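Encoded as structure tokens, the structure appears first; notes follow it.
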Amino acid sequence: MDFFFIIVIFLIGFVGSFISGMVGVGGSIINFPMLLYIPPLFGMIAFTAHEVSGITAFQVFFASISGVWTYRKGGYLNKQLILFMGGSILIGSFIGSYGSRIMTEGGINIVYGVLALIAVVMMFIPKKGVDDIPFDQVTFNKWLAASLALVVGIGAGIVGAAGAFILVPIMLVVLKIPTRMTIATSLAITFISSLGATVGKITTGQVQYFPAFIMVIASLIASPLGANTGKKINTKILQWILALLILGTSIKIWSDILFN
6 MDFFFIIVIF LIGFVGSFIS GMVGVGGSII NFPMLLYIPP LFGMIAFTAH
56 EVSGITAFQV FFASISGVWT YRKGGYLNKQ LILFMGGSIL IGSFIGSYGS
106 RIMTEGGINI VYGVLALIAV VMMFIPKKGV DDIPFDQVTF NKWLAASLAL
156 VVGIGAGIVG AAGAFILVPI MLVVLKIPTR MTIATSLAIT FISSLGATVG
206 KITTGQVQYF PAFIMVIASL IASPLGANTG KKINTKILQW ILALLILGTS
256 IKIWSDILFN
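Set out below in structure tokens:
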């Protein structure tokens with residue numbers, strides 16, 4: 006592992022974690038494709054999809070808790086939403102991550118592509134009036150939230166994600182949660198989800214610890230910076246940033262699945 010390798014992995018982790026902290030995702034939607042495609046561009050040995058999913062699961066655990074710490078004040082965190090969705094997604098993510106050991110590389114990428122495609126469609130659905138709801142008047146269907154979180158957790162556990170990139174559109178479009186509360190709360194749920202995903206990946210030997218450690222260092226620095234930046238940016242801009250990120254990732258993943 007040379008110095009140039011460390012720099013490339015650190016920059017991938019830093020960029021992914023900064024953007025993820027800003028828009029309320031754990032980072033897998035950004036770091037998964039970056040880890041998969043960028044190292045080979047610099048002549049490095051490519052990570053497998055299993056290795057990438059293990060590294061991102063480990064990194065998301067630290068990035069999400071760092072982001073939540075930044076949002077802990079100001080009424081951004083919805084404790085009921087964290088309880089209902091967090092419990093379900095923890096179970097689902099452990100099932101998905103443990104079961105992923107029997108899946109092929111192509112199968113993992115297809116699951117990731119499907120999740121990203123669903124998230125893209127949902128992000129471009131109009132979300133009128135969602136940010137007009139005061140934080141103390143937010144209500145949601147608890148059992149619908151729990152059921153959706155369980156399904157998301159299984160899929161996200163397979164690809165080593167915590168699922169925030171699809172949780173965010175679900176919370177905005179289906180549950181009608183205001184954008185800033187969605188961003189903060191999704192990071193908390195992502196942290197809970199990443200517990201299941203990380204344990205599943207570690208117990209099945211899918212984590213490359215050295216690059217994962219580099220990604221964690223980058224996350225601890227960049228995620229709070231991104232979260233503080235996100236507090237200052239217009240919510241519509243944050244929604245568009247996330248939508249375009251998911252769209253770009255979805256196009257890249259599906260082009261590789263269909264044409265390689």
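One rule links them: number in the numbering used here = place in the sequence shown (from 1) + 5. Don't be surprised by glycine CBs; every beta carbon is placed ideally from N, CA and C. Here the structure is a predicted model, which means the values were calculated and not measured.
| Query | Result |
| --- | --- |
| Give the straight-line distance between the Cα atoms of Pro44 and Ser260, rounded to the nearest whole angstrom. | 19 Å |
| Going by C-alpha to C-alpha distance, which of Gly158, Asp7, Ala124, Val179 sits closest to Leu252? | Ala124 |
| Does DSSP put Asp261 in a helix, in a strand, or in coil? | helix |
| My guess is that Ala151 and Met90 are in contact by the Cβ rule of under 8 Å, so how many angstroms apart are they, rounded? | 6 Å |
| The alpha helix (DSSP H) with Ile138 in it runs from where to where? | Note, Ile138: premise wrong, no alpha helix (DSSP H); not H, not E. |
| Closest to Tyr81 by C-alpha separation, out of Ala217, Leu263, Arg185, Gln211, would be which residue? | Arg185 |
| Would Gly235 and Ile188 be called neighbours here (beta carbons separated by less than 8 Å)? | yes |
| Identify, in the order they occur along the chain, each residue of the same chain with its Cβ nearer than 6 Å to the Cβ of Pro38, setting aside the five sequence neighbours on each side. | Thr254, Lys257 |
| DSSP on Arg106, reduced to helix/strand/coil? | helix |
| Counting beta carbon pairs with one atom in the region 58-71 and one in the region 212-220, are three or more of them shorter than 8 Å? | yes |
| Contact between the region 195-204 and the region 142-151 is defined here as three or more beta-carbon pairs at a separation below 8 Å; is this criterion met? | no |
| Based on Cα-Cα distance, which residue from Val20, Gln85, Gly48, Met27 lies nearest to Phe10? | Gly48 |
| Could you have a look at Leu4 and say whether DSSP puts it in helix, strand or coil? | In the structure as shown, the chain starts at 6 and stops at 265, and residue 4 therefore has no counterpart that could be examined. |
| Between the alpha carbons of Gly26 and Val164, how many angstroms are there, rounded? | 20 Å |
| Which residues bound the alpha helix (DSSP H) around Phe10? | 8-28 |
| In the DSSP assignment, find the alpha helix (DSSP H) that holds Phe218 and state where it starts and stops. | 214-237 |
| DSSP state of Lys147, grouped into three classes? | helix |
| Quick one: Cα of Ile34 to Cα of Leu249, how far? | 11 Å |
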